[in-house]
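First up is the structure itself, then whatever we jot down about it.
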Amino acid sequence: FYGIYRIDSEPFLEPAGNNQYLYTSLGKNLTFRALIKPYRVFAQGVTEWEALDNIQGVNDPRQMLWSLIYRKLKGNRGNTMITIPEAERLSNLISAKNNHRDISGAAFSYNGHCQIALQAAAPPYAGNTNITFDILPRLISKKTQGQAYESHLQMFIAQQIGRHQSLNSALKVNPQTIEWIGNEVSCGVGMQRIDLMFSQTVDGIGREIVPIELKAVAASDDNVRQITRYIDWIEQYYQPTQPGIIRPVLICPASVLSAQTKTAFHTFNAAGAGRHLPLEYIEFTDRNGNLIFTNTPY
Numbered sequence: 009f010y011g012i013y014r015i016d017s018e019p020f021l022e023p024a025g026n027n028q029y030l031y032t033s034l035g036k037n038l039t040f041r042a043l044i045k046p047y048r049v050f051a052q053g054v055t056e057w058e059a060l061d062n063i064q065g066v067n068d069p070r071q072m073l074w075s076l077i078y079r080k081l082k083g084n085r086g087n088t089m090i091t092i093p094e095a096e097r098l099s100n101l102i103s104a105k106n107n108h109r110d111i112s113g114a115a116f117s118y119n120g121h122c123q124i125a126l127q128a129a130a131p132p133y134a135g136n137t138n139i140t141f142d143i144l145p146r147l148i149s150k151k152t153q154g155q156a157y158e159s160h161l162q163m164f165i166a167q168q169i170g171r172h173q174s175l176n177s178a179l180k181v182n183p184q185t186i187e188w189i190g191n192e193v194s195c196g197v198g199m200q201r202i203d204l205m206f207s208q209t210v211d212g213i214g215r216e217i218v219p220i221e222l223k224a225v226a227a228s229d230d231n232v233r234q235i236t237r238y239i240d241w242i243e244q245y246y247q248p249t250q251p252g253i254i255r256p257v258l259i260c261p262a263s264v265l266s267a268q269t270k271t272a273f274h275t276f277n278a279a280g281a282g283r284h285l286p287l288e289y290i291e292f293t294d295r296n297g298n299l300i301f302t303n304t305p306y
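Following this line, the structure appears as structure tokens:
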């Protein structure tokens, strides 16, 4: 780990194939992309062992980089959401290894000797950045045809939190106070993952931690079992380093809730009184090619 970069574009697609930019040098297709720019970059990197296995200075297990440990256990590649305290710890490790001196500049390269070096100018991105992707038409098509679309729903909401009017209203989101968003948030060695989670600062409360369970089918009483596990993990691993009140949310397609499901929701709320806020139930419908979200009382 050599430092921190900022996203410098909207996501875009690079079609797979031998003509894909960087395919020859990388030897693999990387379809989903975004441009980045340096934020704080260092010459010396922190190895995976130093970040994940070395416990010097770790006084509590909750200080460890669990998001990256879970990723390693699963053997997954790709982007991994890490929490704010994890990001701060990793940043501090890199900074300390470099005597708290980063490289001043805007263009860098890997010098082949396990170091990052300053270079005169960054090479221009020579690929096609014009192919953006909108997951909504495919989501609605799959929903209409009765096909699985939960992953599409997750992608849509992750992209639209803070941007989509009815979603913001239903989730009680203030785009100006969101401090963190994650999807597929790992929350245990058993490979459990929270579909979506965000935190935002709230006047008078401090911070809201909002785990979201998504379903592409009607709500059921079993949904609260999953959400309970998420809350248990948040209380043990997330809240101690990011104090805040938990506000659980369930998002499902619009349907008539059964009496059994309503009872399960109320039982969940009663059992969690003092630990978390009552479960918020949000329904969505597709209307004229768009999704409309409604916070629905039960």
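Residue numbering for the sequence shown follows the numbering used here, starting at 9 and increasing by one per position.
Note that the Cβ used here is the ideal one computed from N, Cα and C, for glycine as well.
Item to complete: Can you have a look at Asp-307 and say buried or exposed, based on whether 16 or more other CB atoms are within 10 angstroms of its CB?
Response: Because the chain here runs from 9 to 306, residue 307 falls outside it and cannot be looked at.
Worksheet item: Within 10 angstroms of its Cβ, does Cys-122 collect 16 or more other Cβ (buried), or is it exposed?
Response: Its Cβ having fewer than 16 others within 10 Å, Cys-122 is exposed.
Worksheet item: What residue ranges within the region 43 to 129 form continuous beta strand (DSSP E) runs of no fewer than 3 residues, ordered along the chain?
Response: The region 43 to 129 contains these whole beta strand (DSSP E) runs: 44 to 49, 116 to 118, 124 to 126.
Item to complete: Grab the span of the beta strand (DSSP E) containing Met-205 for me, first residue to last.
Response: In the DSSP assignment, Met-205 falls within the unbroken beta strand (DSSP E) covering 201 to 210.
Worksheet entry | Touching by the beta-carbon criterion (3+ pairs, under 8 Å), the region 71 to 86 and the region 21 to 32 | At 8 Å Cβ cutoff, the stretches do not touch.
Discussion item. Considering only their Cβ atoms, is the gap separating Val-193 from Met-72 smaller than 9 Å?
Written reply: No, these two residues do not count as a Cβ contact at 9 Å.
Worksheet entry | One or two residues paired with Asn-191 in a DSSP bridge | Asn-191 pairs with Leu-204.
Worksheet item: Taking just the CA atoms, how far does Thr-32 sit from Ala-227?
Response: Approximately 47 Å, taken between the alpha carbons.
Discussion item. Along the chain, where does the beta strand (DSSP E) containing Ile-259 start, and where does it finish?
Written reply: 257 to 261 is the extent of the beta strand (DSSP E) around Ile-259.
Worksheet item: Quick check: the region 255 to 264 against the region 125 to 135, are there 3 or more CB pairs under 8 Å?
Response: The region 255 to 264 vs the region 125 to 135: no contact.
Worksheet entry | Beta carbon of Glu-216 nearer than 9 Å to that of Ile-189 | When the beta-carbon positions are compared, Glu-216 and Ile-189 stay at least 9 Å from each other.
Discussion item. Using 8 Å for Cβ pairs, my map puts Val-49 next to Phe-116. What's the rounded Cβ distance?
Written reply: That belief holds up - the Cβ atoms of Val-49 and Phe-116 are roughly 6 Å apart, short of 8 Å.
Worksheet entry | Same chain, Cβ closer than 7 Å to Asn-37, neighbours up to 5 away in sequence not counted | Hits under 7 Å: Ala-24, Gln-28, Tyr-31.
Practice prompt. Using DSSP bridges, identify the partner residues of Asp-294.
Written response: By DSSP's assignment, Asp-294 forms a beta bridge with Leu-299.
Worksheet entry | Under the three-state DSSP convention, the category Phe-20 falls into | Three-state DSSP puts Phe-20 in a strand.
Worksheet item: Which residues in the same chain as Lys-270 place their Cβ atom closer than 7 Å to its Cβ, once the five residues preceding and following it in sequence are excluded?
Response: So the list reads Tyr-306, once near-sequence residues are dropped.
Practice prompt. Evaluate Leu-178 with the Cβ neighbour count: other Cβ atoms within 10 Å of its Cβ, from every protein chain shown; 16 or more gives buried, anything less gives exposed.
Written response: Residue identity check: residue 178 is Ala in the sequence provided, not Leu. Sixteen is the threshold: when 16 or more other Cβ atoms of the shown chains lie within 10 Å of the Cβ of Ala-178, as they do, the residue is buried.
Worksheet item: Should the region 38 to 45 be called in touch with the region 61 to 75, which here means at least 3 C-beta pairs below 8 Å?
Response: Segments in contact, no.
Discussion item. Quick test of your reading: Ala-156 and Asn-106, contact by CB under 8 Å. State the CB separation rounded to the nearest angstrom.
Written reply: Cβ atoms of Ala-156 and Asn-106 stay farther apart than 8 Å, at about 47 Å.
Fill in: Where the alpha helix (DSSP H) containing Leu-222 begins and where it ends
For Leu-222, no alpha helix (DSSP H) encloses it; the enclosing beta strand (DSSP E) starts and ends at 214 to 222.
Worksheet item: Residue range of the alpha helix (DSSP H) that Ile-148 falls in?
Response: Where Ile-148 is concerned, the enclosing alpha helix (DSSP H) stretches over 144 to 152.
Item to complete: Output yes or no for whether 9 Å exceeds the beta carbon distance between Glu-221 and Pro-256.
Response: In this structure, Pro-256 lies closer than 9 Å to Glu-221 by Cβ.
Fill in: Test item: CB-CB of Arg-70 and Gln-244 under 9 Å
Closer than 9 Å, so yes.
Discussion item. DSSP three-state label for Arg-237, please.
Written reply: Three-state result, Arg-237: helix.
Practice prompt. Just the C-alpha distance for Phe-276 and Pro-286, rounded to the nearest angstrom, thanks.
Written response: Answer to the nearest angstrom: the Cα atoms are 8 Å apart.
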